[in-house]
Amino acid sequence: MAITSHDVARLAGVSQPTVSRALRDDPRVSRATREKVRRAAALLEYVPSEAGRTLSTRATRRVGVIVTDLTNPFYPHVVAPLHDELERLGYRMMLVTERSDEAVAEERLLDQSLDGVVLATATTDSRLPALLERRGTPHVFLNRDTGRPGDFASVVDNEGGGRLVARELVPLGHRRFAGVFGAANTTTGRARELGFRLALADAGIGLPEDRVARGPFAYETGYEALPALLAAADPPTAVFCGNDVVAIGVLNAALAAGVKVPDDLTVVGFDDLPMAAWEVFRLTTVRHGLGELARQAARLLVRRIGGEVDRAGERLVLPTEFVPRATHAPAR
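Taking the UniProt record's numbering, the leading residue of the sequence shown gets 1, the next gets one more, and so forth.
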């Protein structure tokens, strides 16, 4: 016979409603009673019913995480710490991996089966955030947001990171730059490009459009963009890439073209994924805290679910740092 909360109540010498409240950490139950109930539950190996808890509290303790680009190596490195932090906070994570926000079926997110949603691959033109807002579903942005006031987001200082790259490379004598940036409908792509351009402008250096490529944060974007950039009459001596995956595509295209990195071409990425430090790449890049980016998104969402945040929105911004490795050098 299955162990029930009534069995726990008899062993602990309390009422069944007290057991339910104690296991939810209800502050109306004293600490001593909560500990007594937990000891009784542990002795009986009692597992609370999620269905029963949902009926009594109207909370599912489940959070949906939307990732539309699971093939990108960036996302496994944030999904794992996000899962762990949500679990620590008492929530289960459900990963939704449709090809686009628009492909996410409404009934999977908006049927009140989730307490909140993390949007990890949002674009500036996505309709999903507004839909969630209208339905009253708490949500936060992870890594990318919409760029509009009122967002609840855990993001990186992308503009500052772009500035760092230019400020490191200009003193090395580089004057002919190229950029292989992210898609124009992503705040990460826009902000990294903007910071890079602004810091170059401070040094009196322009970035012509014929030395710029934009596309998904994917290996193919870098690999396919570099040949055209190298074919210019005055090819670049340095390329800033929208992320490490794009930069690895550029590195491989340079190798295929017989271009030596960093002797002939400096290549810089963004994110400092673990593989960026592999000996095969030793990629110079911009670092931020991948794990903390995810953990603070989890904490922000739980605070929003609990009604503990300002309705005006909240953006948590992680700092960046330049990480010198083997793919940058003075201009020749």
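We treat Cβ as the ideally placed atom computed from N, Cα and C, and that holds for glycine.
Source: prediction; values computed, not measured.
- Counting of Cβ neighbours within 10 angstroms places residue 19 among the buried residues, the total reaching 16 or more.
- Scanning the segment 271-297 for uninterrupted beta strand (DSSP E) segments of 3 residues or longer gives 285-287, listed from N- to C-terminal end.
- In the pairwise beta carbon analysis, the segment 117-129 is classified as not touching the segment 282-289: fewer than three pairs are separated by under 8 Å.
- Cβ atoms of residue 253 and residue 222 come within 8 Å of each other, at about 7 Å.
- In the DSSP assignment, residue 316 is bridged to 154.
- DSSP, read as helix, strand or coil, puts residue 62 in strand.
- Exclusion of the five residues before and after residue 263 leaves 329 and 332 as the residues of its chain whose Cβ lies within less than 8 Å of its Cβ.
- Just so you know, the alpha carbons of residue 293 and residue 61 end up roughly 21 Å apart.
- With a cutoff of 8 Å on beta-carbon distance, residue 140 and residue 301 are scored as near each other.
- Under DSSP, residue 139 shares a beta bridge with 117.
- The three-state reading of DSSP puts residue 144 in coil, since its state is none of H, G, I, E or B.
- Contact between residue 144 and residue 188 holds, with the beta-carbon distance rounding to 5 Å and staying under 8 Å.
- Take residue 167, set aside five residues on each side of it, and the residues of its chain with a beta-carbon closer than 7 Å to its own are 199, in chain order.
- CA-CA distance, residue 278 to residue 13, rounds to 58 Å.
- Beta-bridge partners assigned by DSSP to residue 92: 62.
- Pairing residue 311 with residue 116, the inter-Cα distance amounts to about 15 Å.
- Here the alpha carbons of residue 42 and residue 214 stand approximately 56 Å from one another.
- In this structure, DSSP gives residue 71 a state outside helix and strand, which the three-state scheme calls coil.
- Annotation for residue 214: the continuous beta strand (DSSP E) segment containing it runs 212-214.
- Here residue 8 is not bridged, per DSSP, to any residue.
- Taking 8 Å as the cut-off, the beta carbon of residue 178 is found closer than this to the beta carbon of residue 239.
- At a Cβ-Cβ threshold of 8 Å, residue 77 and residue 316 do not count as neighbours.
- Per DSSP, reduced to three states, the secondary structure at residue 308 is coil, with no helix or strand assignment.
- Looking from the CA of residue 324, the closest CA among 270, 81 and 9 belongs to 270.
- One thing to note: residue 241 has its Cβ within 8 Å of the Cβ of residue 180.
- In this structure, DSSP gives residue 250 a helical state, which the three-state scheme calls helix.
- Membership of residue 267 in the beta strand (DSSP E) is indicated by the continuous run 266-268.
- Rounded to whole angstroms, residue 153 and residue 25 show a C-alpha spacing of 28 Å.
- A direct Cα-to-Cα measurement between residue 148 and residue 70 gives close to 25 Å.
- With 16 or more other CB atoms across the displayed protein chains lying within 10 angstroms of its CB, residue 120 is buried.
- If you draw a straight line from the Cα of residue 31 to the Cα of residue 23, it comes to about 11 Å.
- The closest CA to that of residue 7, considering only 47, 28 and 27, is found on 47.
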